[in-house]
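Q: For any residue, its number in our numbering is found by taking its place in the sequence shown, counting from 1, and adding 68. We put the CB at the ideal spot given by N, CA and C, even for glycine. My structure is below; once you've seen it, I'll send some questions.
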Amino acid sequence: MTMKNEKSVRIAVFASGNGSNFEAIVQAALSGRIDARVVLLVCDKPGAFVNERAARLGVETFAFRPKDYVSKEAFEWEIARLLDEHEVDLVCLAGYMRIIGPTLLGRYGGKIINIHPSLLPAFRGAHAIEQAFEYGVKVYGVSIHYVDDTLDGGKIIAQKAFEYYGDDIREVESMIHAIEHELYIDTVNKLIREKKQ
Ligand code: GRF
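What follows is the structure, encoded as structure tokens:
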């Protein structure tokens, strides 16, 4: 991530669903907990709840239907154009259910990070919490990593683990989400501070 020292870091969040991590990042920016502004939400599901959060929080949104484009390359060019226009320094994926393709990686590689609800490299993919629970793991966790062209496979930036010996998956989910919101903000803060030194 390269950025100009004199201004707040400009963040775009990509999300496809509920958007609790999106909201946590926006609130942290609004309260000054991170020296950043969330300048854009990119959402590939116009009906997703994250769009309502963005409207309430006043965050500009690009909500699109992938099937309205001829190819992934075509919608990624549109997204890249918007990221350029908004002078985005950092892209935070937060429940964005698509692999980032070569078009976006070519222009924004090294500036895109993702949050994943497992201790990577264990339990990659869409149903990480359920998989870990079914496996019977006793140490759960959250990872934040740089995004490359593999599924949940880029270099890890931060992880947080906890032990759980109960048998209630809802409890595991809520513990994971609470950790996610804190860890994402702490990690974004750390990246901003490192780059400003
Ligand atoms: C989170 O568990 C995140 O780790 C995963 O997708 C979920 C998104 O949750 N990548 P939310 O939409 O931010 O509430």
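When the Cα of GLY178 is compared with those of CYS160, LYS228 and SER211, which residue comes out closest?
A: Position 110 of the sequence shown, counted from the start, is the residue given in the question as residue 178. Checked all of CYS160, LYS228 and SER211; the closest Cα to GLY178 is CYS160.
Q: Among the candidates LEU187, TRP145 and GLU198, whose CA atom is the shortest distance from the CA of ILE247?
A: Within the sequence shown, numbered from 1, the residue matching residue 247 stands at position 179. The residue with the shortest Cα to Cα distance from ILE247 is LEU187.
Q: Please return the same chain residues whose Cβ sits closer than 6 Å to the Cβ of VAL156, not counting the five positions on each side in sequence.
A: If you number the sequence shown from 1, residue 156 lands on position 88. These residues qualify, in order along the chain: ARG78 and ALA80.
Q: Assuming VAL107 and VAL94 are in contact, meaning their beta carbons sit under 8 Å apart, how far apart are those beta carbons, in whole angstroms?
A: Numbered from its first residue, the sequence shown carries residue 107 at position 39. Numbered from its first residue, the sequence shown carries residue 94 at position 26. Actually they do not touch by this definition, with Cβ atoms about 10 Å apart.
Q: Using only alpha-carbon positions, find the residue among HIS213, ASP235, TYR203 and ILE197 that is nearest to ALA158.
A: For the purposes of this step, residue 158 is identified with residue 90 of the sequence shown, where counting begins at 1. Here residue 158 turns out to be Leu, not Ala, going by the sequence shown. Ranking HIS213, ASP235, TYR203 and ILE197 by Cα distance to LEU158 puts HIS213 first.
Q: Have a look at GLY204 and PHE132 and give me their C-alpha separation to the nearest angstrom.
A: Start at 1 with the first residue of the sequence shown, and residue 204 comes out as number 136. Start at 1 with the first residue of the sequence shown, and residue 132 comes out as number 64. Their backbone Cα atoms lie some 38 Å apart in a straight line.
Q: Helix, strand or coil for VAL138 per DSSP?
A: As a first step, residue 138 is located in the sequence shown; it is residue number 70 there, counting from the start. The answer is coil: DSSP assigns VAL138 none of H, G, I, E or B.
Q: Can you round the beta-carbon distance between ILE102 and ILE197 to whole angstroms, since I take them to be within the 8 Å contact cut?
A: As a working mapping, residue 102 is identified with position 34 in the sequence shown. As a working mapping, residue 197 is identified with position 129 in the sequence shown. Not a contact, Cβ separation roughly 26 Å.
Q: Can you say whether GLU202 is buried or exposed, counting buried as having 16 or more other CB atoms within 10 angstroms of its CB?
A: Along the sequence shown, one-based indexing puts residue 202 at 134. Exposed: under 16 other Cβ atoms inside 10 Å.
Q: Heavy atom of the ligand GRF less than 6 Å from the Cβ of HIS195, yes or no?
A: Working through the sequence shown from its first residue, we reach residue 195 at position 127. False, no ligand heavy atom lies under 6 Å from that Cβ.
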